[in-house]
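Below is one structure; the comments refer to it alone.
Protein chains in written order, with the numbering used here: chain A, 46 to 176; chain B, 41 to 267.
As structure tokens, then:
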């Protein structure tokens, strides 16, 4: 019984996590939600897992759970990858701002350099982002 | 866009010190303003480009060609450019092709003029690379619905209005498909014009490989999984 309670709490945690991720990546959220719910069900109905495992051609219910666990790990990995990409976009935006602020105008134009050019760049950025 | 608006040439460059000054000087002689986006090069790309007469925007570290192009477009827009041209730093494009694209913008009232090596010429294009480019073109046609003949050509001209609709988020090489999907989404008129690509040992060594193509597909796939 203790093992079942601990597993339930952990799986419930994953359900909440999946729910909170929905706004960012619906695909990942729904997959995680489905798998965690199935896990929750089988923790309390181990016999059903064995029946299902036999039905799909896997020997024991434990093996089925193991396979599900592997799938879950892969999805979490995918989610991390997507998060890293989102972070990269933020880093890119930041680096671009810095690059534009430190831009070196062409030599011939150096005399009439305008200090407001960076602000103009920011305005363009905001403007085109709305499209 | 006015009839006499001066095209602003944006050149993304990563470790191109040996060739970038020649490209910039050639553009200068033709009367074009040039902005080189130094994408975190470890060599003297930025100084060489600046000495040759270009404006230089330097990324603090390497972000990829897509990011560099977007930075260059932002810079050119901030400088008030009415026409923006993207141009490769490795000398594979011909300066004389630029006017063909910018004239096409005016004559066809288009907002994008895309260079195509398959309408034009690509001497010394290796057969494997040709097959890879054909495959990429077929893939892009399928996914964007644009009937273009060359999706991975770095030579493009666009109006200010066109440029403002471009927001590249694929930092790495997958940006080529992103250009076309955003052009399609903008609903603005685009044309293709033949251009010549000069394949040299230098540009071939820096070009894309089959391995890159697989990475590009993965990038594009990942892009569809989240907002």
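Using N, Cα and C, we set each Cβ at its ideal position, and we do this for glycine too.
Could you tell me whether any Cβ in chain B is nearer than 7 Å to the Cβ of residue 150(A)?
Counted from its first residue, the first chain places residue 150(A) at position 105. Taking a beta-carbon distance threshold of 7 Å, residue 150(A) counts as an interface residue toward chain B.
Please report the distance separating the alpha-carbon of residue 176(B) from that of residue 256(B).
Counting from 1 along the second chain, the entry for residue 176(B) is found at position 136. Counting from 1 along the second chain, the entry for residue 256(B) is found at position 216. If you take the alpha carbons of residue 176(B) and residue 256(B), they lie about 10 Å apart.
If we require 4 or more residues per run, which alpha helix (DSSP H) segments fall completely within the stretch 59 to 94 of chain B?
The stretch 59 to 94 of chain B contains, as complete alpha helix (DSSP H) runs of 4+ residues, the segments 85 to 91 (chain order).
With DSSP collapsed to three states, give me the class of residue 127(B).
Position 87 of the second chain, counted from the first residue, corresponds to residue 127(B). DSSP places residue 127(B) in coil when its eight states are reduced to three.
Chain B contact residues for residue 77(A), given Cβ-Cβ distances below 7 Å:
Taking the first residue of the first chain as 1, we reach residue 77(A) at position 32. Annotation: residue 77(A) has no Cβ neighbours in chain B at a cutoff of 7 Å; minimum Cβ distance is about 13 Å.
Contact set between residue 147(A) and chain B, taken where Cβ atoms lie within less than 9 Å
Taking the first chain and counting its residues from 1, one reaches residue 147(A) at position 102. Those are 97, 98, 100, listed as they occur along chain B.
If we cut at 7 Å on Cβ distances, does residue 93(B) have a partner in chain A?
In the second chain, the residue the question calls residue 93(B) occupies position 53. By this cut-off, residue 93(B) is an interface position.
Short of 8 Å Cβ to Cβ, which residues in the stretch 100 to 115 of chain B face chain A?
Of all residues in the stretch 100 to 115 of chain B, the ones placed with a Cβ closer than 8 Å to any Cβ belonging to chain A are 100, 101, 103, 107, 110, 111, 114, 115, in chain order.
What does DSSP give as the partner residues of residue 233(B) in its beta bridges?
Reading the second chain from its first residue, position 193 is the one you call residue 233(B). By DSSP's assignment, residue 233(B) forms a beta bridge with 155(B).
Would you kindly work out how many angstroms separate the C-alpha atoms of residue 74(B) and residue 150(B), rounded to a whole number?
Numbered from 1 along the second chain, position 34 holds the residue referred to as residue 74(B). Numbered from 1 along the second chain, position 110 holds the residue referred to as residue 150(B). Their Cα atoms are separated by approximately 22 Å.
Do the stretch 114 to 124 of chain B and the stretch 55 to 71 of chain B make contact, defined as three or more Cβ pairs closer than 8 Å?
No: fewer than three Cβ pairs fall under 8 Å.
Starting from residue 198(B) and walking both ways along the beta strand (DSSP E), at which residues does that stretch end?
On the second chain, residue 198(B) is found 158 positions in, with the first residue counted as 1. Per DSSP, residue 198(B) belongs to the beta strand (DSSP E) from 196 to 199.
Chain B contacts from the stretch 67 to 92 of chain A (Cβ-Cβ distance under 9 Å):
Listed in sequence order: 68, 69, 70, 71, 72, 73.
Work out the CA separation of residue 146(A) and residue 63(B) for me, nearest whole Å.
As a first step, residue 63(B) must be located in the second chain, where it is residue number 23. As a first step, residue 146(A) must be located in the first chain, where it is residue number 101. Each residue's CA atom was taken as its position, placing residue 63(B) and residue 146(A) some 25 Å apart.
Excluding sequence positions up to five away, which residues of its chain have a Cβ less than 6 Å from the Cβ of residue 222(B)?
The residue you call residue 222(B) lines up with position 182 of the second chain. Exclusion of the five residues before and after residue 222(B) leaves 206 as the residues of its chain whose Cβ lies within less than 6 Å of its Cβ.
Residue 151(A) classed as buried or exposed, judged by whether at least 16 other C-beta atoms fall within 10 angstroms
Here residue 151(A) refers to the residue found at position 106 of the first chain. Residue 151(A) should be labelled buried.
Opening and closing residue of the beta strand (DSSP E) in which residue 100(B) lies
In the second chain, counting from the first residue as 1, residue 100(B) sits at position 60. Boundaries for residue 100(B): no beta strand (DSSP E) harbours it, and the DSSP string shows neither H nor E there.
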